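The next block holds one structure in the form of C-alpha cells; read it before the comments.
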Amino acid sequence: MSENPASPTTPSKPRVLSGIQPSGILHLGNYLGAISNWVADQAHYENFFMIADYHALTSVSDGAELRKNRREIVAMLLACGIDPQQSVLFYQSQLPEHTELGWIMTCLSPLGWLERMTQYKDKSAKYAQEGISTGLLTYPALQAADILLYQAQGVPVGEDQRQHVELTRDLAQRFNHLFGETFTIPQVFIRKEGAKVMSLTEPVRKMSKSDKESDGRIELLDSADVIRRKIRRAQTDSLREICFSDDPERAGVNNLLELYKILTHKEPATITAEFEGKGYGELKDAVADVVVAVVNPIREEYHRLLTDRAHIEQVMAGGKERAQAVARKTLGKVKKRIGMV
C-alpha cells in the first residue's frame, strides 16, 4: 500500500477492509490466498472483515441456505484465527449505511463505468439479458460503498478484483471533486505468495468451490483421509523429475510443489534437493502431511464453534457496534456534503 495514503481519517494503524461472501464451504485456495493473510495481518492493520451477505443475493435465492451460510462462514473465519478482539467482524446487512451509501454511489456511477466491469461483461456475454440481475451491474457501486464507509486505506484483493477497487478509487475521487474532500482514496493491495492455488485435477485452473468435480479442491472441512485421497489422485505427468517449472505440461507437479513451499516456508532449492531421486508418490504423501496438519485444527475448531450459537451472535453484535460507529460518521458527512442535512 502507499506509504502516505490521502486520508481525512488516519488511524494509528493503516485501516483495511476485506469482504467475503457467505456462499458455501471454503477451500484451501481461499485459506492460503486470503484468510491466512488476514489472520497474519491482524497485528499490523486495523482490520474490518465484512460478511458480504447483500452481495450474495446476486447468486443465492434461498433464505434458509443464506442464513445457514452466514453462520457457517463466521464459525470458519473464527476457526481460522480471526480474532474479534483485534479485528472488526460484521455482517454487511446489519448496517443500513451500506445500502444507503450504495445508492448514492450508484447515482454517481456513469453507466459506461459499470458496463465495463469484466465480471458483468463476461456474464452478459454468457447469458441472455433476462438471466442477468440489475444487482450484478450495480454490484461494484455497492462494493465501493462498502470500502469508502470505513475510510479504508487498503483493500487486499485477488487480481480478478483489482478492477472493482480501481472503480472505487475513481468514484471516491469524483465525489471528492464534486462535493469536497470526504473519502480516503484506497490503495489496491495485491498479494502474490499463495494468491493462486490451482486445482488438483486441472492444474492450469484455480482451485474453485464452483467446480462440479470436488476432487480438484481441498475443502477446509475435509477429513484427513479425504485429503490424502484427493492429493494421491492429483494430476502429475510422466517425466518423473520433481522440480519447479513454468512448463504448462508440468503444471500438476508444480502445483504440488508450490503448495508444499507455501505450507513449509522452505526455499525452492531446498525442496528440489529434498525430493531428488524420489517419486511422485513420496511427493504427494509429503504434501498431504502438511495439508492435513493445517486443515485438521481448523476443521475441529469450526465444529466446536458451530455448536455455540450464542458465542457467534455475541461476536457479531460486538462487530456491528464497532463497525456502525465508523459507518455512521462517514455517511453523516456524505449526506451533509450532498445537501441532505
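Heads up: the sequence shown is residues 106 to 446, going by my numbering.
Backbone N, C-alpha and C fix where the C-beta goes; we use that ideal spot for every residue, glycine too.
If you're wondering where the values come from, they're calculated on a predicted model, not measured in any experiment.
Separation of residue j from residue i, as counted between CA atoms
i: E177; j: G186; result: 14 Å
i: R172; j: A415; result: 15 Å
i: D320; j: I295; result: 28 Å
i: R457; j: Q191; result: The shown model of the chain, from 106 to 446, leaves out residue 457, and the question about it has no answer.
i: S166; j: D251; result: 22 Å
i: I443; j: N359; result: 53 Å
i: R322; j: I376; result: 23 Å
i: I332; j: V431; result: 42 Å
i: R338; j: L305; result: 8 Å
i: D342; j: E286; result: 57 Å
i: V439; j: N174; result: 32 Å
i: M222; j: M303; result: 24 Å
i: K317; j: F280; result: 43 Å
i: V396; j: D352; result: 24 Å
i: R267; j: P402; result: 32 Å
i: G384; j: D327; result: 25 Å
i: A393; j: H132; result: 15 Å
i: L247; j: L272; result: 11 Å
i: A169; j: H282; result: 43 Å
i: T114; j: E418; result: Because the pLDDT at T114 is just 44, under 50, the model does not fix this residue reliably, and the value given afterwards should be weighed accordingly. Looking at the two C-alpha atoms, the distance is approximately 30 Å.
Residue from the options whose Cα sits closest to the Cα of residue i
i: G437; options: L133, I209, H282; result: I209
i: G382; options: E372, C348, D352, L361; result: C348
i: V400; options: L325, G217, E286, L241; result: L325
i: S128; options: L137, H269, D158; result: D158
i: L183; options: D413, R337, V431; result: D413
i: R120; options: I376, Y255, V302, M445; result: Y255
i: F288; options: A249, L364, E426, G168; result: A249
i: L162; options: K118, T211, L242, S214; result: L242
i: R427; options: D275, Y196, D327, N135; result: Y196
i: A257; options: P245, Q126, A277; result: A277
i: I156; options: D146, I140, A145; result: I140
i: Q340; options: I367, L368, G386; result: G386
i: H269; options: L219, S198, I130, S328; result: L219
i: D330; options: D188, A398, K425; result: A398
i: L137; options: V262, T435, A378; result: V262
i: L213; options: R274, F380, R334, S198; result: R274
First and last residue of the uninterrupted alpha helix (DSSP H) at residue i
i: R279; result: 267-284
i: V420; result: 414-442
i: M181; result: 168-185
i: V399; result: 385-411
Outcome for residue i when other beta-carbon atoms lying within 10 angstroms are tallied against a minimum of 16
i: V309; result: exposed
i: P201; result: exposed
i: E151; result: buried
i: V408; result: Correcting the residue type first, residue 408 is His in the shown sequence and not Val. Its Cβ having fewer than 16 others within 10 Å, H408 is exposed.
i: M181; result: buried
i: M445; result: exposed
i: A148; result: exposed
i: E363; result: buried
i: L216; result: exposed
i: L122; result: buried
i: H370; result: exposed
i: G240; result: exposed
i: P373; result: exposed
i: D188; result: exposed
i: Q126; result: buried
i: N109; result: Only weak support is given to the placement of N109: the predicted model assigns it a pLDDT of 36, under 50, and the value that follows is read from those uncertain coordinates. Under this definition N109 is an exposed residue.
Per DSSP, the bridge partner or partners of residue i
i: E151; result: R120
i: F195; result: M155
i: K311; result: M303
i: I125; result: I156
i: H132; result: E324
N- and C-terminal bounds of the beta strand (DSSP E) containing residue i
i: I295; result: 292-295
i: G259; result: 259-262
Interface flag, residue i vs chain B, CB-CB below 9 Å
i: T211; result: Any reference to chain B falls outside this structure, which holds one protein chain only.
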